[in-house]
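Visitor: Before I ask anything, let me first share the structure, which is written out below as structure tokens.
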Amino acid sequence: MMDWTDSPCRVLHRCLTARTLLYTEMVTAEAVLHGDRARLLGFEAMEHPVALQLGGADPARLAEAARIVADFGYDEINLNVGCPSDRVQSGRFGACLMREPRLVADCVAAMRAAVSLPVTVKCRIGVDEQEPEAALPALIDACAGAGVTTFAVHARKAWLEGLSPKENREVPPLDYPLVYRLKRARPHLTILINGGIETLDQAESHLAHVDGVMLGRAAYQNPAMLAQIDTRFFGGAPADLDRAVARYCEFVARRLAEGARLHPLIKPMLGLYNGRPGARQFRRHLSEHAVREGAGIAVLDEALAMVASRARAA
Ligand SMILES: Cc1cc2nc3c(=O)[nH]c(=O)nc-3n(C[C@H](O)[C@H](O)[C@H](O)COP(=O)(O)O)c2cc1C
């Protein structure tokens, strides 16, 4: 997710769950080809497994970008066919590609020919006046014909005329049953469902119908929830929140020593204690002090001490 799932955010999430697949922000193929690759694509070894999401609509450019991404060591490359922003539409990619299944198939075919990594697709169920019952299978079948086997479906349309990107994540109605039917009709494909899933109970009920659940906003609004995933869905060891935070703090200290600023490192932590005593003080202390010039690990230690003392008092 743009402006959220940067490398520090993914490191925090990985401290909370060893087994989930993490995704980067969308990076356009042109940025990969012409931009500062170390900044755009660099990631920490502990983030694995991690998928890089590409945006683009030119098969040759996407293939070239995919090669570069593969060399960085990512585990999967995901193509964005869901972003509704104007900037993306003017580049004729993102959600507006729902109208061009053939072109998307050419894109993923070129990417697959360029790399040995899995190439997956994230899409909507349709755009504007499209009939999702036809538009979604058309996109999926075109990509499946080009060899893609895994799809993450944001179960609502994007309305490209008149809605902001934020409204496009809230206003068009969710249609989960359509995604369930897609899976039933194509059992050989791996279908992940996305959109409006806020709790692990909800995630579990979707798993009766599809192969996986993709969490968006809930993952950064309530990251502590991620600590339950390994035990609940993968039969793994439960993550201890304090231990996960201590591990993340070690990462923060290392990045600070390498010259990073504190604020981008604490941003993914802001929602960590939501719903627990001391959450507000924790957030306020970090928001006020971490932006200051030269802010160091002490700011984080102070904020954590506030939560610990409220927990002891409770
Ligand atoms: C701030 C923000 C940035 C996002 N950036 C991306 C992105 O880069 N690529 C993408 O496929 N979806 C992006 N999305 C959409 C989410 O991946 C997801 O499809 C959407 O928020 C619905 O799922 P949710 O209800 O679980 O959040 C973004 C969403 C938000 C809120």
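Read in order, the letters of the sequence shown correspond to residues 103 to 416 in my numbering.
Quick reminder that beta carbons are idealized off the backbone N, C-alpha and C, glycines included.
Going by CA-CA distance only, name the one from V250, G297, A120, C351 that's closest to V210.
Guide: By 1-based counting over the sequence shown, the position of residue 210 is 108. For the residues V250, G297, A120, C351, the minimum Cα distance to V210 belongs to V250.
Visitor: What number of angstroms, rounded off, separates the C-alpha of H308 from the C-alpha of N180?
Guide: Against the sequence shown, residue 308 aligns to sequence position 206. Against the sequence shown, residue 180 aligns to sequence position 78. One C-alpha to the other measures close to 22 Å.
Visitor: Report the option in D160, L114, F335, I293 whose CA atom is closest to the CA atom of I227.
Guide: Within the sequence shown, numbered from 1, the residue matching residue 227 stands at position 125. When each option's Cα is compared against that of I227, the closest is I293.
Visitor: Go ahead and pull the three-state DSSP assignment for C185.
Guide: Taking the sequence shown and counting its residues from 1, the one referred to as residue 185 is at position 83. Reduced to three states, the DSSP call for C185 is coil.
Visitor: Give me the pocket residues for ligand 3, defined as CB within less than 6 Å of any heavy atom, sorted by chain position.
Guide: For ligand 3, the structure offers nothing, since it holds only ligand 1.
Visitor: Measure the alpha-carbon distance for Q383 versus Y125 and round it to whole angstroms.
Guide: The residue labelled residue 383 in the question sits at position 281 within the sequence shown. The residue labelled residue 125 in the question sits at position 23 within the sequence shown. Cα to Cα, the separation comes out at about 30 Å.
Visitor: How many angstroms separate the CA atom of D138 from the CA atom of S411?
Guide: Position 36 of the sequence shown, counted from the first residue, corresponds to residue 138. Position 309 of the sequence shown, counted from the first residue, corresponds to residue 411. Going from the Cα of D138 to the Cα of S411 covers about 43 Å.
Visitor: Write down every uninterrupted run of the alpha helix (DSSP H) in the stretch 273 to 342 whose length is 4 residues or greater and which is fully enclosed by it, in chain order.
Guide: Within the stretch 273 to 342, the complete alpha helix (DSSP H) runs of at least 4 residues are 278 to 287, 302 to 308, 319 to 323, 331 to 336.
Visitor: When burial is assigned at 16 or more other CB atoms within 10 Å of the CB, is D277 buried or exposed?
Guide: Counting from 1 along the sequence shown, the entry for residue 277 is found at position 175. Under this definition D277 is a buried residue.
Visitor: R116 to M148, Cα distance in whole Å?
Guide: As a working note, residue 116 is residue 14 in the sequence shown. As a working note, residue 148 is residue 46 in the sequence shown. Their backbone Cα atoms lie some 7 Å apart in a straight line.
Visitor: Counting along the chain, where does the alpha helix (DSSP H) carrying V206 start and finish?
Guide: Along the sequence shown, one-based indexing puts residue 206 at 104. Unbroken alpha helix (DSSP H) run through V206: 203 to 216.
Visitor: Please classify G338: is it buried, with 16 or more other beta-carbons within 10 angstroms of its beta-carbon, or exposed?
Guide: By one-based count along the sequence shown, residue 338 stands at place 236. Under this definition G338 is an exposed residue.
Visitor: Cα separation between R357 and G380?
Guide: Numbered from 1 along the sequence shown, position 255 holds the residue referred to as residue 357. Numbered from 1 along the sequence shown, position 278 holds the residue referred to as residue 380. Computed Cα separation, rounded: 26 Å.
Visitor: Just the C-alpha distance for E390 and R283, rounded to the nearest angstrom, thanks.
Guide: Within the sequence shown, residue 390 is the residue found at index 288, counting from 1. Within the sequence shown, residue 283 is the residue found at index 181, counting from 1. Approximately 48 Å, taken between the alpha carbons.
Visitor: Compute the Euclidean distance between the alpha carbons of M59 and M128, then round it to the nearest angstrom.
Guide: In the structure displayed, the chain extends from 103 to 416; residue 59 sits before or after that span and is not available.
Visitor: Could you spell out where the alpha helix (DSSP H) holding G247 opens and where it closes?
Guide: If you number the sequence shown from 1, residue 247 lands on position 145. Per DSSP, G247 belongs to the alpha helix (DSSP H) from 234 to 247.
Visitor: Can you give me the start and stop residues for the beta strand (DSSP E) that M408 sits inside?
Guide: Within the sequence shown, residue 408 is the residue found at index 306, counting from 1. Not the beta strand (DSSP E): M408 falls in the alpha helix (DSSP H), residues 399 to 415.
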